[in-house]
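Here is the structure we will look at, set down as structure tokens.
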Amino acid sequence: SSTPMAPLEPSNLLEPVYRNVADNLDVVRKTLDRPLTLAEKVVYGHLDDPTTRAVRGETYLKLRPDRVAMQDATAQMATLQFISAGLPTTQVPTTVHCDHLIAAQEGAGEDLARAKSENAEVYDFLSSASSKYGMGFWRPGSGIIHQIVLENYAFPGGLMIGTDSHTPNAGGLGMVAVGVGGADAVDVMAGLPWELKAPKIIGVKLSGKLTGWASAKDVILKVAGILTVKGGTGAIIEYFGEGVDSLSCTGMGTICNMGAEIGATTSIFPYNSRMGDYLNATGRQGIASLAETYSENLRADDSAVYDQIIEVDLSTLEPHVNGPFTPDLAHPLSQFKAAVEKQGWPPELTVGLIGSCTNSSYEDMSRSASIVRQALDKGVKSKSLFNITPGSEQVRATIARDGIIDTFEETGGTVLANACGPCIGQWNRSDVPKGTPNSIVTSFNRNFSMRNDGNPQTHTFITSPELVTAMALSGRLDFNPLTDELTAADGSSFKLELPKGDELPARGYDPGEDTFQPPMEDASAVKVHVDPSSARLQLLEPFQAWNGSDYEDLPILIKALGKCTTDHISMAGPWLKYRGHLDNISNNMLIGAVNAENGEINSVKNSLTGEYGAVPDVARAYKAAGVQWVVVGDENYGEGSSREHAALEPRHLGGVAVLVRSFARIHETNLKKQGMLPLTFATPEDYDKIDPEDKLSITGLSTFAPGVPLSVVVKKPGGVTLNVTVNHTFNADQIEWFKAGSALNKIKSDLLS
Ligand code: F3S
46 SSTPMAPLEP SNLLEPVYRN VADNLDVVRK TLDRPLTLAE KVVYGHLDDP
96 TTRAVRGETY LKLRPDRVAM QDATAQMATL QFISAGLPTT QVPTTVHCDH
146 LIAAQEGAGE DLARAKSENA EVYDFLSSAS SKYGMGFWRP GSGIIHQIVL
196 ENYAFPGGLM IGTDSHTPNA GGLGMVAVGV GGADAVDVMA GLPWELKAPK
246 IIGVKLSGKL TGWASAKDVI LKVAGILTVK GGTGAIIEYF GEGVDSLSCT
296 GMGTICNMGA EIGATTSIFP YNSRMGDYLN ATGRQGIASL AETYSENLRA
346 DDSAVYDQII EVDLSTLEPH VNGPFTPDLA HPLSQFKAAV EKQGWPPELT
396 VGLIGSCTNS SYEDMSRSAS IVRQALDKGV KSKSLFNITP GSEQVRATIA
446 RDGIIDTFEE TGGTVLANAC GPCIGQWNRS DVPKGTPNSI VTSFNRNFSM
496 RNDGNPQTHT FITSPELVTA MALSGRLDFN PLTDELTAAD GSSFKLELPK
546 GDELPARGYD PGEDTFQPPM EDASAVKVHV DPSSARLQLL EPFQAWNGSD
596 YEDLPILIKA LGKCTTDHIS MAGPWLKYRG HLDNISNNML IGAVNAENGE
646 INSVKNSLTG EYGAVPDVAR AYKAAGVQWV VVGDENYGEG SSREHAALEP
696 RHLGGVAVLV RSFARIHETN LKKQGMLPLT FATPEDYDKI DPEDKLSITG
746 LSTFAPGVPL SVVVKKPGGV TLNVTVNHTF NADQIEWFKA GSALNKIKSD
796 LLS
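Using full-length UniProt numbering, you'd call the opening residue of the sequence shown number 46 and step up by one each time.
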């Protein structure tokens, strides 16, 4: 069949993908010889070596994803790294989406125009790099990455990685879609396999059918309450049971999207006719029919075994409101009013926000509009401010055509740009001064303190768009449309009737403005533009290869005390704007780490001058003097995020090794990728024997081999030395990365040889 994986990429065919998965599964079944869950079929079907014996929760799998998606904040460094590998095009279909850098302030038109001018150099860079390296580029205004992926690229049974934590949204179309750091994306774009520990599988069995005000969102709000923010860690959440067929495809997307809030690797639904309907409505009939052909691999085997099973009866599922400050604090609607009163949460609702990557389908919008319409018919407008974020230009154009936007505007709502906006904190909110306690309710996915508006006193609650709308109309956080009435313009009271809406637009989708820039056939003439004087972007120089000798007498830049997460190593917040400029963002290196010598942050002694200075300044002074250095750290060094900057920065400023009691695994791998030596004390107590003024020599590198420890000679200022054995987890390939100076250097040299 000549059906492409995505209509926008006619030359990448789907059937070979399905056939390859089927062939791999034939091999996998011989090894495992037991029924498989759907998630296992998709994951193991993408094994680089299908003879790998996967043990859930244990084996590290090398996988071959079908796609990569990147948003504009994370794509910058990933693309810069990809460029430095020197490959002509990405080896796996890749798209870039401009959604994170658009701040909400006045409304779609003004906000988009402002973002385009403020971020012009970033957009130009991503656009030209996309053309040059064969990536699809979605211009600002096109919509939110996860919505665009669902509309255009997700397909049942596919494996995708994306540089954003809500990538799992594509599970609504039966895809295993996992949020990763930029370093993983670069590997896959460069043709390397992607490593994932075989996930555990949590089954969620759905029975019955949604009724009343309950919606798909309430499924995940309920599950989040059961599993809590940590309950899904290391697991894929797989939905099954007869209740699945009562959910729309986009509703399943909402559920999978918010699986990120319980720490799940991803979430997935089995292929069904609702997905088929959505594929048909979005111009992908061919994919739907191929999915039918291969449907055996798009659902779990009978009697597949899950690591844990949760049951949710949709027929009795109540609408939920979760929050504040954490998405797992779940309140059934019938108990919410009492909770608001008991906890003293501000009962007035300042703003209701609907849409975002989580909940902006045509169904969501039309159901919300039906509630607004009922109120308008009674002469009632929204009492709270009401913001609408369409997930994509296609959704925006379609709801504009169908009068839904008019309805929202009639009630006083503001339609924001098709972008992340308030969902990611890109919200220049002006109705409430910072520090004022207030409540807002959103149909988004996250509600940590300060997430939306930077005000720690804003209590954010998460619910379905329908309920957000009803609450906004009433102006009350504690409004329950099942029991409470609104007052009409004529003074009479009325109750809102059940929301009604179409799952898919009866007149089809209106694509709206064309905001897509396809990959170019011949990009030889394209120049990727990076202004050498830019503060936000900087092309990367390849790191130097190892010179073949042991490291001698290295100063310790900092002996970090206690917790040192990727936030301590490379802080976020205001530094985000330098994500594409390694030298500038390196000014945040380790500025959050506590110096064991003096208990202070960002104050370390320069061993060349004896003076104290900021960590990045001292590192720069060493680098200028040609002195390489090491970091010493404690337990679980580098936990937190997969941010590759936390490994790039020390390498850029002249670090060669990080010696700790233990590592967070992803950071450890990231350090290896950048050509650094992550080492652990064979005897953890040796951490205590090292003083910040000691000099360290790392020996045994000429015989560096997997499983063979290295030695560190510690020279005390008085001349005493001690020998410390250090372990490493390098395999043979990774040792080549170290020797070449980085994983990318190695890829490049392999390519040239
Ligand atoms: Fe993420 Fe929301 Fe955008 S969760 S992709 S920030 S709309």
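Just so you know, even glycine gets a beta-carbon here, dropped at the ideal spot from N, CA and C. All of these numbers come straight from a predicted model, not from anything done at the bench.
Rounded to the nearest whole angstrom, the CA to CA distance from serine 401 to valine 233 is 28 angstroms. In chain order, the residues that have a beta carbon nearer than 5 angstroms to some heavy atom of ligand 1 are Ile189, His211, Ser401, Cys402, Cys465, Cys468 and Ile469. In the DSSP assignment, tyrosine 339 falls outside any beta strand (DSSP E), carrying neither H nor E. One Cα belongs to aspartate 117, the other to phenylalanine 539, and the distance between them is close to 46 angstroms. Annotated three-state conformation of tyrosine 682 is strand, per DSSP. By the C-beta criterion, the region 449-469 is judged not to be in contact with the region 331-338, since fewer than 3 inter-stretch pairs fall below 8 angstroms. Contact between proline 563 and leucine 53 holds, since their C-beta atoms are separated by about 6 angstroms, short of 8 angstroms.
In this structure, phenylalanine 381 sits near valine 366, with a CB-CB distance shorter than 7 angstroms.
For the 7 angstroms CB-CB criterion, lysine 177 and valine 573 form a contact. DSSP places phenylalanine 182 in the uninterrupted beta strand (DSSP E) bounded by 181-183. For the alpha helix (DSSP H) assignment, the uninterrupted runs of no fewer than 4 residues enclosed by the region 664-713 are, from N- to C-terminal side, 690-697.
In this structure, asparagine 463 sits away from alanine 148, with a CB-CB distance that is not shorter than 7 angstroms.
Taking C-beta atoms as the reference points, phenylalanine 285 and lysine 250 count as a pair closer than 7 angstroms.
Note on geometry: alpha-carbon atoms of alanine 670 and valine 703 lie some 20 angstroms from one another. The three-state secondary structure of arginine 552, taken from DSSP, is coil. Serine 579 sits away from glutamate 163, with the two beta carbons spaced by 7 angstroms or more. Assigned with DSSP and collapsed to three states, glutamine 380 falls in helix. At a Cβ-Cβ threshold of 7 angstroms, alanine 174 and threonine 104 do not count as neighbours. Taken in chain order, the complete alpha helix (DSSP H) segments of 4 or more residues contained in the region 224-264 are 227-234.
Under the three-state reduction of DSSP, isoleucine 636 is assigned to coil, being neither helix nor strand.
Between the region 549-569 and the region 416-426, the count of C-beta pairs closer than 8 angstroms stays below three; the two stretches do not touch. When the beta-carbon positions are compared, alanine 130 and leucine 171 stay at least 7 angstroms from each other. Listed in chain order, the beta strand (DSSP E) elements of length 3 or more contained wholly in the region 81-112 are 105-108.
Inter-segment contact for the region 469-484 and the region 137-148 is present: three or more beta-carbon pairs are separated by less than 8 angstroms. Tyrosine 198 carries a coil assignment under DSSP once its states are collapsed to helix, strand and coil.
Minimum Cα-Cα distance from threonine 212 among the listed residues Leu237, Gly298 and Arg706 corresponds to Gly298. In the DSSP secondary-structure assignment, asparagine 432 is bridged to Leu398 and Thr459. Assignment of beta strand (DSSP E) within the region 746-788, counting only whole runs of 3 or more residues, yields 755-760 and 766-772 in chain order.
In terms of Cβ geometry, histidine 690 and serine 615 form a close pair [threshold 7 angstroms].
Residue Ser293 holds the alpha-carbon nearest to the alpha-carbon of aspartate 547 among Gly466, Glu645 and Ser293. Put simply, the backbone Cα of glycine 308 is about 43 angstroms away from that of lysine 423. Considering only Asp229, Ser798, Gly202 and Arg184, the residue with the shortest C-alpha distance to aspartate 559 is Arg184. The shortest CA-to-CA distance from phenylalanine 431 to any of Leu518, Asp576, Ala445 and Asp263 is the one to Leu518. Rounded to whole angstroms, the separation of the alpha carbons of asparagine 525 and glycine 219 is 34 angstroms.
Contact check between the region 678-686 and the region 643-656: fewer than three CB pairs, one atom from each, fall below 8 angstroms, which does not count as touching.
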